[in-house]
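S.K.: Heads up: the sequence shown begins at 0 in numbering that gives the first Met the number 0, then just goes up one per residue. Yeah, the Cβ is synthetic: ideal placement off N, Cα and C, and Gly gets one too. Before I ask anything, let me first share the structure, which is written out below as structure tokens.
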Amino acid sequence: MNKGAAILLLFVIVLAYSCRTTNMTNYYEKHKSILDSMQSSYKEQFKSVPFSIAFTDKSYQNFGIEITTDSIKYIYEFKVTEQDRLKDTLLKYHLSVPGVQTLLTSMQLIRCAWINRLDYYVDEKKNSLVYMSIKARAFNYPFTSKKYYIITYFSKPQYYDEQGRLLINRKQRKLQRINNDVFRRINDRVCYSISNLFR
0 MNKGAAILLL FVIVLAYSCR TTNMTNYYEK HKSILDSMQS SYKEQFKSVP FSIAFTDKSY
60 QNFGIEITTD SIKYIYEFKV TEQDRLKDTL LKYHLSVPGV QTLLTSMQLI RCAWINRLDY
120 YVDEKKNSLV YMSIKARAFN YPFTSKKYYI ITYFSKPQYY DEQGRLLINR KQRKLQRINN
180 DVFRRINDRV CYSISNLFR
């Protein structure tokens, strides 16, 4: 490869990354109120009963709820039209019926495929985060074959390198990987990654 071709390739890569970051930031700003509301509502409800929600079809008409009690994990599948059955299940596990229904509506609205919480450790201290998977086609990115964009909410401000990549902490200039993905900054507490897997 000659020098001119190498420079052109580097320019295309930088442009693609720049567009992706700008588009991701724009997407977050456009849907900020919905995303932030989903995160805070989910985080609050999770305190009572650990659960996650995942839509299982392209039309967002079928979803599953994973509910954890003690050491047992229960998985229930529903159609969005099965409101009575859903209500009975939520009441059985003491989950908020209006809270979960609002989450489901918001997830459908922004094409969020999954919402969950993850525990992780930094310097032997337990931390937790909330993350959401959103189908890539919602972003219309031309430079990726990845299927999902993972938006991650941390409970406190994080550290990033000069390229906006998530770091383990301020002292170590080592990238913090979550599920082996590198995350990039949207703001101090929110970042994103691109993945072939929604969970």
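1. Identify the continuous beta strand (DSSP E) that holds Ile74 and give its terminal residues.
2. Please return the same chain residues whose Cβ sits closer than 6 Å to the Cβ of Thr20, not counting the five positions on each side in sequence.
3. Helix, strand or coil for Leu165 per DSSP?
4. Could you tell me the alpha carbon to alpha carbon distance between Glu81 and Pro97, rounded to whole angstroms?
5. DSSP three-state label for Asn61, please.
6. Would Leu166 and Lys173 be called neighbours here (beta carbons separated by less than 8 Å)?
7. Could you spell out where the beta strand (DSSP E) holding Leu185 opens and where it closes?
8. Smallest Cα separation from Ala53: which of Asp180, Lys29, Gly163, Ser105?
9. For Tyr119, write down the residues that DSSP places opposite it in a beta bridge.
10. Is the Cβ-Cβ distance between Gln107 and Tyr59 less than 8 Å?
11. Could you spell out where the beta strand (DSSP E) holding Ser36 opens and where it closes?
12. Take Met23 and list the residues in its own chain whose beta-carbon comes closer than 8 Å to its own, dropping the five residues that flank it on each side.
13. Identify whether Gly3 lies in helix, strand or coil by the three-state DSSP scheme.
14. Rounded to the nearest angstrom, what separates Lys29 and Ile150 at their Cα positions?
15. Using a 10 Å radius around the Cβ and a threshold of 16 neighbouring Cβ atoms, would you call Ser127 buried or exposed?
16. Where do the N-terminal and C-terminal ends of the alpha helix (DSSP H) with Ser51 fall, by residue?
17. Going by Cα to Cα distance, which pick from Thr67, Met131, Lys146, Glu161 is closest to Phe153?
18. What first and last residue would you give for the alpha helix (DSSP H) that runs through Pro97?
19. Quick check: the Cα distance between Ala200 and Gln175, rounded to an integer number of angstroms?
M.R.: Inspection of the coordinates gives the following:
1. Along the sequence shown, read from residue 1 onward, the residue named residue 74 stands at position 75. Per DSSP, Ile74 belongs to the beta strand (DSSP E) from 71-78.
2. For the purposes of this step, residue 20 is taken as residue 21 along the sequence shown, with counting starting at 1. Caution applies to Thr20, whose pLDDT of 49 falls short of 50 and renders its modelled position unreliable; the model cannot decide the point.
3. Taking the sequence shown and counting its residues from 1, the one referred to as residue 165 is at position 166. Of the three classes helix, strand and coil, the one that applies to Leu165 here is strand, per DSSP.
4. As a first step, residue 81 is located in the sequence shown; it is residue number 82 there, counting from the start. As a first step, residue 97 is located in the sequence shown; it is residue number 98 there, counting from the start. Rounded to the nearest angstrom, the two C-alpha atoms are 14 Å apart.
5. As a first step, residue 61 must be located in the sequence shown, where it is residue number 62. Asn61: strand per DSSP, three-state reduction.
6. Here residue 166 refers to the residue found at position 167 when the sequence shown is read from its first residue. Here residue 173 refers to the residue found at position 174 when the sequence shown is read from its first residue. Cβ atoms of Leu166 and Lys173: closer than 8 Å.
7. The residue given as residue 185 occupies position 186 in the sequence shown. Here residue 185 turns out to be Ile, not Leu, going by the sequence shown. Looking at the DSSP string, Ile185 is not in any beta strand (DSSP E), and its letter there is neither H nor E.
8. In the sequence shown, the residue the question calls residue 53 occupies position 54. For Ala53, the nearest C-alpha among the options comes from Ser105.
9. Position 120 of the sequence shown, counted from the first residue, corresponds to residue 119. Tyr119 pairs with Asn126.
10. On the sequence shown, position 108 is the one that residue 107 refers to. On the sequence shown, position 60 is the one that residue 59 refers to. Cβ distance < 8 Å, so Gln107 and Tyr59 count as in contact.
11. Your numbering for residue 36 matches position 37 in the sequence shown. No beta strand (DSSP E) holds Ser36; the alpha helix (DSSP H) holding it covers 31-47.
12. What you label residue 23 is simply residue 24 of the sequence shown in a count that begins at 1. Here the set comprises Phe138, Tyr148, Arg183, Ile185, Tyr191.
13. Within the sequence shown, residue 3 is the residue found at index 4, counting from 1. At Gly3, the pLDDT of 47 sits below 50, so the modelled position is not reliable; the number obtained from the coordinates is stated separately. DSSP places Gly3 in helix when its eight states are reduced to three.
14. Stepping through the sequence shown from its first residue, residue 29 is reached at position 30. Stepping through the sequence shown from its first residue, residue 150 is reached at position 151. Distance between Lys29 and Ile150, taken at the CA atoms: about 14 Å.
15. Working through the sequence shown from its first residue, we reach residue 127 at position 128. Burial call: exposed.
16. The residue given as residue 51 occupies position 52 in the sequence shown. Careful: Ser51 lies outside any alpha helix (DSSP H), inside the beta strand (DSSP E) at 50-54.
17. Counting from 1 along the sequence shown, the entry for residue 153 is found at position 154. If we check each option's Cα against that of Phe153, Met131 comes out closest.
18. Residue numbering aside, residue 97 sits at position 98 when the sequence shown is read from its first letter. Where Pro97 is concerned, the enclosing alpha helix (DSSP H) stretches over 96-109.
19. There is simply no residue 200 to check, as the chain begins at 0 and stops at 198 in what is shown.
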